[in-house]
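Numbering of the sequence shown is given in our numbering, commencing with residue 82 and proceeding in unit increments. For each residue, glycine too, the CB sits at the ideal point set by N, CA and C. Keep in mind the model is a prediction, meaning the values are calculated, not measured.
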Amino acid sequence: MAQSFGVPILEPEYKEGTRSQSIIRPAVPLRADALFPIACLQEPELDKRYGQAKKIEVAIKDIYPWFSFRVEQLAVILLVGIEDLRGSGHLSPTTCSPYHLKDRVCDVSPFYMLQLDPRNLDQKHWGHVISKAPKWQPRLDIEMHPDQVALSIYYNSRFRTGKSVENLPPGFHKEAESKCRERDKKRCVVTGRDNPRIFWFIPRGWNDTVEHNNTTGNLEGGCIFLTKIDLLDDIHSATELGKTHEAWNMLCVDPAIYNALTQGLCAFSFIRKKDVDDRTSEVHLKFFWMPILRGRFDQIVNLNEVEGCFPIKRGNKPVTFDHERVEREGKEELSLDLSMFQHRGCPMPRQVDSERTAISDPPILSGKDVVIKMPKRESELFETVVRIHWACVTFAALCGGAGRAWYLTGKKQVDGSFEPRDEQFRRDGARKNEHG
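In structure tokens:
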């Protein structure tokens, strides 16, 4: 386990070219409360979901012949509600233009801004995402080359924090963290242990400086397309920094769980909230470990491949697969891998399991209930940040990014171009193999 800036990095135990880690772990009895709560695993219409993905790909290819679905786009399709993919949904190939479809399925990946956790800013893995202001571009002109048009549109439509807004002073967040400790009685909400750390759902660095605030604003479209939550409604602003530097954006967790959370190895799923009285609400979450999947970063996917993985339809129940057969025949496909992960009880990742006595013994299982009481208005904002964090972490995990999200395709703030990281992923993998 590596150590950097006081935060242990739980080195992923990946062996590329082999089955995903979550598949090869010993099976445990599947519990109803441990069903992995993502859209594609909760419905009987997996084939229709893939059918809509094919229609989206065809529609985009009509405009951009070079376009092919990559794992990041498939992850979006598997995570959004089926209603978003048809009818008047925001990803419906029937009502959405191919231009908008391309933007919407591609803009999600850069939104995972884990590097803006201040504890990650100095780590070498995130060196490529240090914020840089967009490069100045002239306003649109009819004589511009198409490439220049794109640069001009990006620059002149960029998110701009107000000129009078100043960076937050050091320690601005301390009062909110104290309120969080008081609310959670200075104990981990998962294990009940004393002396917890404060976990932020929206990292502190999303809006602590004008530069970071602008970066978040430039990428907020990805949040809308994945979650249908508009950051500008409640938790982000061009006129105010630190809107999420509040207790409703925080939880008290054991230090070992904190390390796993900040690396995207686990997350909390929002279940429900109910009013206790006129001023207080009770929020119910479930804790889940993330699947450790093969890295498919920026990899073109075959949308027909799932049909050869022996899916089993069960009437109105979610689709499953012939798990014994696919293991025997060595089949791999993203939906199949997710089904196998769920079939195994959503197990704790190996790199966390090796440290499990630092968390709990016996180990914490996926599906563990967490209940928190808080003021009613705060519970609404709390739900928002929990949902955003869950969407980001599950998206990264589906791409193979649990514990290594720095390989996700990003976006250069200088010019708005996408920045695939698959080549760096392969180079790092080759270097690791050379050194054993």
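Rounded distance between the beta-carbons of residue j and residue i, thought under 8 Å
| i | j | result |
| --- | --- | --- |
| Gly-396 | Pro-125 | 7 Å |
| Ala-140 | Pro-179 | 5 Å |
| Leu-122 | Ser-350 | About 12 Å separates the two Cβ atoms, so there is no contact after all. |
| Leu-307 | Phe-476 | 6 Å |
| Pro-215 | Val-495 | 6 Å |
| Ala-210 | Gly-491 | It should be pointed out that residue 210 corresponds to Val in this sequence rather than to Ala. With a Cβ gap of about 6 Å, Val-210 and Gly-491 count as contacting. |
| Phe-368 | Ile-445 | 7 Å |
| Gln-380 | Asp-503 | 7 Å |
| Val-466 | Ile-316 | 7 Å |
| Phe-301 | Leu-313 | The sequence as given places Glu at residue 301; Phe does not occur at that position. Yes, they are in contact, since the Cβ atoms of Glu-301 and Leu-313 sit about 7 Å apart, within 8 Å. |
| Leu-384 | Tyr-131 | 6 Å |
| Thr-320 | Asn-288 | Actually they are not in contact, since the Cβ atoms of Thr-320 and Asn-288 sit about 12 Å apart, beyond 8 Å. |
| Asn-248 | Thr-290 | 4 Å |
| Leu-159 | Ala-120 | 7 Å |
| Leu-172 | Val-161 | 6 Å |
| Pro-518 | Arg-360 | As displayed, the chain neither begins before 82 nor continues past 517, which places residue 518 out of reach and without an answer. |
| His-365 | Arg-353 | 5 Å |
| Pro-392 | Val-382 | Contact doesn't hold; Cβ gap of about 16 Å is too wide. |
| Gly-310 | Ile-469 | Going by the sequence as given, residue 310 is Ile instead of Gly. Right, their Cβ atoms sit about 6 Å apart. |
| Lys-394 | Val-271 | The pair is not a contact, with the Cβ atoms about 36 Å apart (cut-off 8 Å). |
| Trp-217 | Tyr-236 | 7 Å |
Paired residues, beta bridge with residue i - DSSP
| i | result |
| --- | --- |
| Ala-348 | Phe-369 |
| Ser-362 | Asp-356, Met-455 |
| Leu-249 | Answer by DSSP bridge pairing: none, since Leu-249 is not bridged. |
| Gly-491 | Glu-500 |
| Asp-450 | Lys-367 |
| Arg-151 | Ile-381 |
| Cys-333 | Ile-279 |
Contact check, residue i vs residue j, beta carbons under 7 Å
| i | j | result |
| --- | --- | --- |
| Cys-480 | Glu-138 | no |
| Ile-279 | Glu-258 | yes |
| Ile-373 | Pro-430 | yes |
| Tyr-193 | Ala-486 | yes |
| Ala-134 | Ser-447 | no |
| Cys-390 | Lys-412 | yes |
| Asn-330 | Arg-239 | no |
| Tyr-488 | Phe-506 | yes |
| Asp-265 | Cys-333 | yes |
| Ser-233 | Glu-292 | no |
| Lys-136 | Pro-174 | yes |
| Val-433 | Leu-346 | yes |
| Lys-454 | Glu-386 | no |
| Ala-348 | Val-474 | yes |
Status (buried if at least 16 other CB within 10 Å, exposed otherwise) for residue i
| i | result |
| --- | --- |
| Phe-86 | Only weak support is given to the placement of Phe-86: the predicted model assigns it a pLDDT of 28, under 50, and the question is left unresolved by the model. |
| Leu-417 | buried |
| Ala-483 | buried |
| Asp-335 | buried |
| Glu-92 | At Glu-92, the pLDDT of 48 sits below 50, so the modelled position is not reliable; the number obtained from the coordinates is stated separately. Exposed: under 16 other Cβ atoms inside 10 Å. |
| Asn-514 | exposed |
| Arg-151 | buried |
| Gly-243 | exposed |
| Val-452 | exposed |
| Arg-512 | exposed |
| Trp-281 | buried |
| Gly-252 | exposed |
| Leu-221 | exposed |
| Ser-460 | buried |
| Asn-294 | buried |
| Ile-144 | exposed |
| Arg-185 | buried |
| Arg-406 | exposed |
| Glu-208 | Per the sequence shown, residue 208 should be read as Gly rather than Glu. Flag for Gly-208 reads exposed. |
| Gly-547 | In the structure as shown, the chain begins at 82 and stops at 517. Residue 547 is therefore absent and cannot be evaluated. |
| Arg-375 | buried |
| His-516 | exposed |
| Asp-165 | buried |
| Lys-183 | buried |
| Gly-168 | exposed |
| Asn-340 | buried |
| Val-157 | buried |
Cβ of residue i within 7 Å of any chain D Cβ
| i | result |
| --- | --- |
| Tyr-145 | Here there is only one protein chain, and chain D is not present. |
The ligand GDP heavy atom lying under 6 Å from the CB of residue i
| i | result |
| --- | --- |
| Ser-233 | Among the components modelled here there is no ligand, and therefore nothing to report on the ligand GDP. |
| query | Counting only runs that start and end within the region 375-430, where is the beta strand (DSSP E) found for 3 or more residues in a row? | reply | 392-395, 398-402
| Along the chain, which unbroken stretches of the alpha helix (DSSP H) at least 4 residues long are found entirely within the region 198-285? | 227-237, 255-264
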